[in-house]
Amino acid sequence: MTDRPETQAPAPLGPGSLTWRYFGDTRMLLVGPRAAVLQNMLPALGQGVLDHSVFFSETFARLKRSAGPIMNTVYGAERSAETGRNVRDYHREIKGTMPDGSRYHALDPETYYWAHATFLDHMLYCVETFIRPLGEAEKRRIYDESKVWFRMYGVSDRAMPEDWEAFQAYWKRMLDEEIVAHKTARYGVGYATKGLPAPPKVPAPVWRAVSPPLNAVARFITVGGLHPRMRELLDLPWSEADERRHRRFAAAVRAANRVWPLLPEAVRYMPEARRAFRKARRTPRRGQRERIRSS
Numbered sequence: 000m001t002d003r004p005e006t007q008a009p010a011p012l013g014p015g016s017l018t019w020r021y022f023g024d025t026r027m028l029l030v031g032p033r034a035a036v037l038q039n040m041l042p043a044l045g046q047g048v049l050d051h052s053v054f055f056s057e058t059f060a061r062l063k064r065s066a067g068p069i070m071n072t073v074y075g076a077e078r079s080a081e082t083g084r085n086v087r088d089y090h091r092e093i094k095g096t097m098p099d100g101s102r103y104h105a106l107d108p109e110t111y112y113w114a115h116a117t118f119l120d121h122m123l124y125c126v127e128t129f130i131r132p133l134g135e136a137e138k139r140r141i142y143d144e145s146k147v148w149f150r151m152y153g154v155s156d157r158a159m160p161e162d163w164e165a166f167q168a169y170w171k172r173m174l175d176e177e178i179v180a181h182k183t184a185r186y187g188v189g190y191a192t193k194g195l196p197a198p199p200k201v202p203a204p205v206w207r208a209v210s211p212p213l214n215a216v217a218r219f220i221t222v223g224g225l226h227p228r229m230r231e232l233l234d235l236p237w238s239e240a241d242e243r244r245h246r247r248f249a250a251a252v253r254a255a256n257r258v259w260p261l262l263p264e265a266v267r268y269m270p271e272a273r274r275a276f277r278k279a280r281r282t283p284r285r286g287q288r289e290r291i292r293s294s
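Numbering (numbering that gives the first Met the number 0), first residue to last: 0 to 294.
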């Protein structure tokens with residue numbers, strides 16, 4: 000559980016932040032399930048999902064229910080803290096016993112921060128892979144924004160690294176020493192080797208005909224978006240030729256960025272981000288002088 004009283008949430012992030020600019024960008028989908036899989040590779044978090052979630056029986060429904068509130072913790076403006084506390088409260092009863100007899104709780108500060116850190120990593124990886132390189136000052140700025148975002152949840156921040164340099168050390172330690180090939184994570188990427196499950200209303204002969212290219216794309220996006228350490232632990236094959244193809248794919252996406260701002264906002268941003276940008280354009284905050292950017 001949290002180990003100290005909640006503190007008042009800081010002012011929420013707004014349209015001048017880099018997090019607003021990038022977290023709701025639809026190009027984040029090109030990374031695949033990197034964040035979700037990484038979350039479940041922390042033993043306590045993976046066990047919590049295994050014991051309490053409908054992830055196994057209703058995978059896509061569970062992901063859809065989770066994505067909206069997380070997005071609104073970033074894009075909810077004056078309601079971000081309320082949304083964050085609601086997200087936190089969903090996890091109050093997620094607790095139990097690990098296989099070794101130790102106890103876990105979703106609101107343990109180290110466990111809860113790990114889930115948040117995977118979203119930060121997901122965003123940084125996507126921006127640098129599919130959008131543009133980030134300078135060190137921009138990375139520090141995004142990390143500082145992630146601290147504001149995390150505090151919207153109203154949980155202890157004792158596990159949160161102080162600055163960008165400390166976060167980098169934290170991230171390396173977690174990948175090197177803490178993550179494992181938990182059953183939940185293996186399930187989450189099972190389709191990458193076994194193929195996508197047939198949709199309920201699609202006849203078997205039709206699915207057999209159309210599934211091979213879909214499976215190839217799903218594998219390419221999923222495995223390509225994982226950190227090499229994740230592929231190693233999860234035994235997901237990825238050859239040098241695969242890596243070259245993925246780099247060419249990323250380069251092609253970056254090359255298309257010249258026309259990206261010309262596309263409709265409905266193409267470029269998730270619904271939560273679009274609503275937030277529209278609202279910010281209608282009612283800019285008093286004193287705000289930064290140009291509201293949605294590209």
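Think of the CB as a built atom: it goes at the ideal place given N, C-alpha and C, for glycine as much as any other residue. Just so it is clear, the structure is predicted and the values come from calculations on it, not from any experiment.
Between Glu271 and Val73, the gap from beta carbon to beta carbon is short of 9 Å. Linking Ile93 to Tyr103 through their CA atoms gives a straight-line distance of about 8 Å. Taking Ala249 as the centre and dropping the five residues before and after it, the same chain places the C-beta of Thr128 and Phe129 closer than 6 Å to its C-beta, in chain order. Annotation for Trp113: Leu41 place their beta carbon closer than 6 Å to its own, counting only its chain and skipping 5 residues before and after.
Straight through space, the alpha carbons of Arg230 and Trp237 are spaced by roughly 8 Å. In the three-state reduction of the DSSP assignment, Thr282 falls in the coil class, being assigned neither a helical nor a strand state. Going by C-alpha positions, Arg20 is about 43 Å away from Asp99. As DSSP reads the structure, His104 sits in a beta bridge with Lys94.
At a cut-off of 4 residues, the continuous stretches assigned as alpha helix (DSSP H) that sit fully inside the stretch 161-209 are 163-172, 182-187 and 190-193.
Residues Gln46, Gly47, Asp50, His51, Arg102 and Tyr103 of the same chain have their beta carbon placed closer than 8 Å to that of Gly95, with the five preceding and five following residues left out of the count.
DSSP places Pro42 in the uninterrupted alpha helix (DSSP H) bounded by Pro42 to His51. Counting every other CB atom within 10 Å of its CB across the protein chains shown gives Thr282 a total below 16, marking it as exposed. Gly83 is a Cβ neighbour of Tyr152, given a cutoff of 9 Å.
For Gly83, the enclosing alpha helix (DSSP H) begins and ends at Ser79 to Tyr89. Residue environment for Tyr142: buried (at least 16 other C-beta atoms within 10 angstroms of its C-beta). Check the Cα spacing between Met173 and each of Gln38, Lys146, Met122 and Leu133: the tightest is with Gln38. Secondary-structure assignment with DSSP links Asp156 through no beta bridge to anything.
Across the set Ala255, Val147, Ala208 and Glu144, the C-alpha of Ala208 shows the shortest separation from the C-alpha of Gly194.
Contact between Trp170 and Ala116 holds: their C-beta atoms lie close to 7 Å from each other, under 8 Å. Counting other Cβ atoms within 10 Å of its Cβ, Asp24 reaches 16 or more and is therefore classed as buried. Taking Ile69 as reference, the option from Met97, Leu119 and Arg253 with the minimal CA-CA separation is Leu119.
For the 9 Å CB-CB criterion, Tyr111 and Val154 form a contact. Comparing alpha carbon positions, the residue from Arg157, Pro198 and Gly31 closest to Asp107 is Arg157. Note on the stretch 247-281: whole alpha helix (DSSP H) runs with a minimum of 4 residues are 264-267 and 270-281, in chain order.
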